[in-house]
Amino acid sequence: MSASKPATPTFSPDAYGATDFAKVDAHTITAEEYDELPELTEADLKAADTYRGATLIRRGRGRPPVTQTKKLVTLRLDPDVVERWKASGPGWQTRMNAVLREAMP
């Protein structure tokens with residue numbers, strides 16, 4: 022194999038199921054082993070999978086629903102106006118919305 026693709030071990034079904042659960046259950050965790058465990062942060066807990074028994078509880082896909090959604094409109098503007106807003110960088114549509122809101126009677 023090449024250096025960029027090292028040889029990977031082949032799959033062997035005999036390698037699975039060889040855990041000695043009696044030995045695992047008999048092991049007691051020492052204070053030194055606790056020191057090796059990383060502290061969990063709020064971000065870690067939010068990203069963790071949730072199980073109910075052996076069933077994975079899946080989170081919904083995409084963004085969470087918002088209470089006030091935006092309305093999609095088609096608006097004809099002069100090209101120089103659009104280019105100037107786009108040149109202001111990311112978030113130009115949000116800034117344009119704020120300016121229009123201020124101009125509302």
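Numbered per my numbering, the sequence shown spans residues 22 to 126. Even glycine gets a Cβ: it sits at the ideal position worked out from N, Cα and C. Predicted, not measured: the structure shown is a model, and the values here were computed from it.
Would DSSP call T115 helix, strand or coil?
Within the sequence shown, the letter at position 94 stands for residue 115. Correct three-state label for T115: helix.
Please state the DSSP three-state secondary structure of R97.
Locating residue 97 in the sequence shown gives position 76, where the first residue counts as 1. Coil at R97, not helix or strand.
How far does the beta strand (DSSP E) with L77 in it reach, from first residue to last?
In the sequence shown, the residue the question calls residue 77 occupies position 56. Element bounds for L77: 76-78.
Find out if the Cβ-Cβ distance for the pair D70, L77 is shorter than 8 Å.
Within the sequence shown, the letter at position 49 stands for residue 70. Within the sequence shown, the letter at position 56 stands for residue 77. Taking 8 Å as the Cβ cut-off, D70 and L77 qualify as a contacting pair.
Can you give the Cα-Cα distance for K67 and A43, rounded to whole angstroms?
The residue given as residue 67 occupies position 46 in the sequence shown. The residue given as residue 43 occupies position 22 in the sequence shown. Roughly 33 Å separates the two Cα atoms.
What does the alpha-carbon distance come out to for the pair K107 and T115?
Counted from its first residue, the sequence shown places residue 107 at position 86. Counted from its first residue, the sequence shown places residue 115 at position 94. Rounded to the nearest angstrom, the two C-alpha atoms are 11 Å apart.
For the alpha helix (DSSP H) that contains V45, what are its first and last residues?
Numbered from its first residue, the sequence shown carries residue 45 at position 24. It spans 42-47 - the alpha helix (DSSP H) in which V45 sits, taken as one unbroken run.
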